[in-house]
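In what follows, a single structure is set out as structure tokens and then discussed.
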Amino acid sequence: MATVANYSNIFVRYDLVGTGDAKGAKLSSKDAALQKVIQCVLEGDSDNIVDAVNEALATKDPMVVINEGLIKGMNEVSRLWDEGEYYLPQAIVASDAMLIGLEICEKKLGKSVEKKGTVVTHTAEGDIHDLGQKIVNALLRANGFEVVDLGKDVPVDEVITAVKKYNPVMVTGTALMTTTMTAFEKISKRLIKEGYKIPFVCGGGAVSNEYVQGYELGVYGKDASQAPGMASDAVNGMDWMQIREKWNS
Amino acid sequence: MPKFDKMAYASADEMIFGTAKNPVKYGRDFTVGGGYVFPELVPHPRPGTETTKKTLVKEYEKMVTDVLGRCVAIGIPGIQIELEHVYQMTKNPDWGGEIAAATKHLQEEYHRKYGLKSAIRATIADYRKPDEEDIRNCVALENQLKTFETSAAGGADNLSIESVGGKEISDYTIVRQDIRGTLFGIGVLGSRDMEFMWKKIVEIADKYGVTPGGDTDCAQANVAMFMAGGYQDRSVPHTFAALTRAISAARSLVAYEQGAKGPSKDCGYEDVIIKAITGVPIAMEGKASACAHSDLVGNLIAACCDLWSNEAVEYHDMFGGTTVAVFTEILGYDVALMNTAIEMGQAKILRDMMVESDKYRDTHGFILCPQNAYEIGKAIVENNTSYYARARAAAIKAGELMLKDSKLQMSAFEKESLESAMRTLESLPEKEEDFISECADIYKKLIPGFSLANYGL
Chain R
1 MATVANYSNI
11 FVRYDLVGTG
21 DAKGAKLSSK
31 DAALQKVIQC
41 VLEGDSDNIV
51 DAVNEALATK
61 DPMVVINEGL
71 IKGMNEVSRL
81 WDEGEYYLPQ
91 AIVASDAMLI
101 GLEICEKKLG
111 KSVEKKGTVV
121 THTAEGDIHD
131 LGQKIVNALL
141 RANGFEVVDL
151 GKDVPVDEVI
161 TAVKKYNPVM
171 VTGTALMTTT
181 MTAFEKISKR
191 LIKEGYKIPF
201 VCGGGAVSNE
211 YVQGYELGVY
221 GKDASQAPGM
231 ASDAVNGMDW
241 MQIREKWNS
Chain E
1 MPKFDKMAYA
11 SADEMIFGTA
21 KNPVKYGRDF
31 TVGGGYVFPE
41 LVPHPRPGTE
51 TTKKTLVKEY
61 EKMVTDVLGR
71 CVAIGIPGIQ
81 IELEHVYQMT
91 KNPDWGGEIA
101 AATKHLQEEY
111 HRKYGLKSAI
121 RATIADYRKP
131 DEEDIRNCVA
141 LENQLKTFET
151 SAAGGADNLS
161 IESVGGKEIS
171 DYTIVRQDIR
181 GTLFGIGVLG
191 SRDMEFMWKK
201 IVEIADKYGV
211 TPGGDTDCAQ
221 ANVAMFMAGG
231 YQDRSVPHTF
241 AALTRAISAA
251 RSLVAYEQGA
261 KGPSKDCGYE
271 DVIIKAITGV
281 PIAMEGKASA
291 CAHSDLVGNL
301 IAACCDLWSN
311 EAVEYHDMFG
321 GTTVAVFTEI
331 LGYDVALMNT
341 AIEMGQAKIL
351 RDMMVESDKY
361 RDTHGFILCP
371 QNAYEIGKAI
381 VENNTSYYAR
391 ARAAAIKAGE
401 LMLKDSKLQM
411 SAFEKESLES
421 AMRTLESLPE
431 KEEDFISECA
441 DIYKKLIPGF
451 SLANYGL
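Here you go:
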């Protein structure tokens, strides 16, 4: 059988163009205990973060451990992901570890750390494919937001009820199929009717920018990683039209 | 439990498009794997048309008419149409049945008038929620089984599904690059759920005298593959996704052990491994499914196909006609080339060209080229002591193949991911019961709602 001598005329491995050695994390702490906490977050080490955080809490205020250890570590993970050094799995396991550490600190504090805002998330009625929503949840939580997770196959009424109950800064909807995403338009109309003008970020599978921009409140979420940035914009006072303009145009 | 203990083919070189060891005949003069490739067109309704049964049936009638019309316009000898259920068709069993009946009516008309060979595959939507309900006894399952019946009674010739057992575990583990959990979710739980589901599906198919088709690991291995994406995506390592695919072959095989006859489902990229083991005809999708999603196996994946599919195309107008007609034409010319190669005695040359086009483009195509798929199949049948053992063996074999071929390039990160997964795979317990016990302890704590009882454990 004849074989190909030179594959470069057939395809180009653009993923290997310009790749060098990984530069790694730039972040470190002079404090040994906090450095262990940061390291656990950077490595997504859920097994050892409990000991690391408890060790730090033995000599430090919980808010110091949160701000100088957990959050700093997570910010570095975000940077590494943004710069293409980390893959999503590393960001997710870092988020898992960070949230375990946060829970320990909150117990010591005797209260929850104030969240940046609340986001209601759901996957459309008829759709059981909620992986995208779960990633959105993890990334929002890792970025300091309270997430009200309504789960999958969620009827329109339940989304409206949750918005009324939790008064979120943003709502998200995930759908795999075009025949399930039609629920988004119904939700948008109901929210407007009930007087809510919050951004309704929709994405997933066959959901398109064009479709989402076809109804009021709709902001197209191309990728789960955009959710924290959009929620931050909402907290910082941008309305749904400004958020749409920034992320969708 | 595992049944296949040998390969259907003596070597990978025997495997080729258009011919399967065990061809399947059904529909209107329609044979799959009997010497020629046929297109399989999957129409998808426009958003909004699912609102009522009347509007949805009408939408399907229009789409099917356009498909059959284009076949006659350009001379395509035969076609399978897949009715891939939107959830409204499965949640309301009479809808699925009525759409199958309307499709059959149109196909019969074209067969009578023009002699156009045709068949219908009905793929029922599996909307069970493994982390929220008893998936062996729930309304969703009840509706799914009813819809299999109404579809068969209405006119579907082939019954298929994209089952979701183990998805609650694999969703959690794929995005964490946890190969142990992925092996558990797909290889063990997925296989056990398929054993449960396919006994029932085959029973219904036999009752109505239709063909039980096949399953696909769309809910799991395709999730990994699509998340891995193209060269610039950084959601899931491509090497990890490729291991997931090898595991999925051991899982999707269960349908055929329970009596499915094929052709397999088009989005089961693992099907080439299944064909090597079972000899059933397979449906595949590659370049012509770009209307639904992108992949890195556009040509290679056609090497052993018996049906050539477009995955799914939403109904709209294009310059060249409606989308379903346009994609029928694209598929029709693709299979015409394959069938011409068969007629001219050049099929193996075309097959090898398809393979060489993509074999080193990405790890997924690499493990699915016939030679490597065959090796993975051998690892499965040589380790058929349990669902776990064969799924693990498939993953280890895929990893070994990727690591030893110097032409397959991968970044340092991709290689590190693969080597890390291999270390984990090799360190896992030998016995299935030990593995299940280990995983049960871990994932019960991590995944709310996960229940072993859903899998008869």
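Going down the list, the protein sequences come from chains R and E.
The first sequence runs 1 to 249 under full-length UniProt numbering.
The second sequence runs 1 to 457 under full-length UniProt numbering.
By construction, the Cβ of each residue, glycine as well, lies at the ideal position given by its N, Cα and C atoms.
Per-residue contacts from residue i into chain E (C-beta, under 7 angstroms)
i, result
"F145(R)", "Correct list: empty, because the minimum Cβ distance to chain E is about 19 angstroms."
"D88(R)", "Checking the sequence, you will find Leu at residue 88(R) rather than Asp. Those are V175, R234, S235 and V236, listed as they occur along chain E."
"M1(R)", "D352"
"K152(R)", "K129"
Supposed contact pair residue j and residue i - C-beta distance, whole angstroms, cut 8 angstroms
i, j, result
"L88(R)", "R245(E)", "That pair is no contact at about 18 angstroms."
"G173(R)", "F184(R)", "5 angstroms"
"residue 546(E)", "A249(E)", "Nothing in the structure corresponds to residue 546(E), since chain E is present only between 1 and 457."
"V201(R)", "M230(R)", "6 angstroms"
is_contact[residue i, chain E] using C-beta, thresh 8 angstroms
i, result
"V77(R)", "no"
"I187(R)", "no"
"F11(R)", "yes"
"residue 282(R)", "As shown, chain R starts at 1 and ends at 249. That puts residue 282(R) outside it, with no answer to give."
"V4(R)", "yes"
"Y7(R)", "yes"
"G101(R)", "no"
Reference residue i, options the options, closest by Cα
i, options, result
"P212(E)", "F148(E), G166(E) and E168(E)", "F148(E)"
"A10(E)", "R70(E), L452(E) and K275(E)", "K275(E)"
"Y86(R)", "L42(R), K107(R) and K186(R)", "L42(R)"
"G268(E)", "Y388(E), D215(E), I16(E) and G48(E)", "D215(E)"
"A58(R)", "L109(R), S78(R), F11(R) and Y14(R)", "L109(R)"
"A288(E)", "Y333(E), A341(E) and M402(E)", "Y333(E)"
"C281(E)", "P2(E), A20(E) and R46(E)", "Here residue 281(E) turns out to be Pro, not Cys, going by the sequence shown. When only C-alpha atoms are compared, the closest one is A20(E)."
"G126(R)", "L176(R), S28(R) and K115(R)", "L176(R)"
"V77(R)", "I135(R), C40(R) and E55(R)", "C40(R)"
"F366(E)", "V67(E), M402(E) and M284(E)", "M402(E)"
"W240(R)", "K222(R), V171(R), S225(R) and K193(R)", "V171(R)"
"G18(E)", "A140(E), A336(E) and D126(E)", "A336(E)"
"L106(E)", "R423(E), H44(E), H85(E) and Q80(E)", "Q80(E)"
"A91(R)", "V136(R), A52(R), K60(R) and E55(R)", "V136(R)"
"L300(E)", "F413(E), M353(E) and Y127(E)", "M353(E)"
"G449(E)", "W198(E), T51(E), I135(E) and T363(E)", "I135(E)"
"K189(R)", "A2(R), I160(R), S28(R) and L102(R)", "I160(R)"
"residue 295(R)", "T121(R), D157(R) and D31(R)", "The question about residue 295(R) has no answer, for chain R in this structure spans 1 to 249."
"G151(R)", "D131(E), Q258(E), L243(E) and A421(E)", "D131(E)"
Partner residues on chain R for residue i, Cβ-Cβ distance less than 7 angstroms
i, result
"P47(E)", "T178, T179, M181 and T182"
"D171(E)", "L131 and K134"
"Q371(E)", "Under the 7 angstroms cutoff, chain R gives no residues; its nearest Cβ is about 11 angstroms from Q371(E)."
Any non-hydrogen atom of the ligand PLP closer than 7 angstroms to residue i Cβ
i, result
"V159(R)", "Among the components of this structure there are no ligands whatsoever, and the ligand PLP is therefore not found."
CB contact below 8 angstroms: residue i versus chain R
i, result
"D352(E)", "yes"
"K129(E)", "yes"
"E285(E)", "no"
"Y360(E)", "yes"
"E133(E)", "no"
"E314(E)", "yes"
"Y269(E)", "no"
"I149(E)", "In the sequence on display, residue 149(E) carries Glu and not Ile. No, no contact with chain R."
"V326(E)", "no"
"V164(E)", "yes"
"E356(E)", "yes"
"E61(E)", "no"
"Y455(E)", "no"
"M87(E)", "According to the sequence as given, residue 87(E) is Tyr; it is not Met. For Y87(E), the answer is yes, since a Cβ of chain R falls inside 8 angstroms of its Cβ."
Contacts of residue i in chain R (Cβ-Cβ under 9 angstroms)
i, result
"E142(E)", "Here the premise fails: no neighbours, minimum Cβ distance about 16 angstroms."
"V223(E)", "H129 and L131"
9 angstroms Cβ cut-off: residues of chain E touching residue i
i, result
"D157(R)", "Within chain E, no residue comes near D157(R); the closest Cβ sits about 17 angstroms away, beyond 9 angstroms."
"L16(R)", "Y231, Q409, M410 and S411"
"residue 276(R)", "No information on residue 276(R) is available, as it lies outside the stretch 1 to 249 that chain R covers here."
Neighbour list for residue i in chain E, Cβ cutoff strictly below 8 angstroms
i, result
"M230(R)", "Correct list: empty, because the minimum Cβ distance to chain E is about 18 angstroms."
"I92(R)", "V175 and R176"
"Y215(R)", "Within chain E, no residue comes near Y215(R); the closest Cβ sits about 12 angstroms away, beyond 8 angstroms."
"G237(R)", "Result: empty, since nearest Cβ-Cβ is about 31 angstroms, beyond 8 angstroms."
Within chain A, partners of residue i - CB distance below 8 angstroms
i, result
"E50(E)", "Absent from the structure: chain A. Protein chains present are R and E."
Complete beta strand (DSSP E) runs within the segment 22-46 of chain E (minimum length 3 residues, chain order): As far as the segment 22-46 of chain E is concerned, its whole beta strand (DSSP E) runs of at least 3 residues are 30-34 and 38-41.
Runs of alpha helix (DSSP H) lying entirely within the segment 138-179 of chain R, each at least 4 residues, in chain order: Along the segment 138-179 of chain R, the alpha helix (DSSP H) occurs as fully enclosed runs of 4 or more residues at 156-166, listed in sequence order.
Entirely enclosed alpha helix (DSSP H) segments - the segment 249-275 of chain E, minimum 4 residues: The qualifying runs are 254-257.
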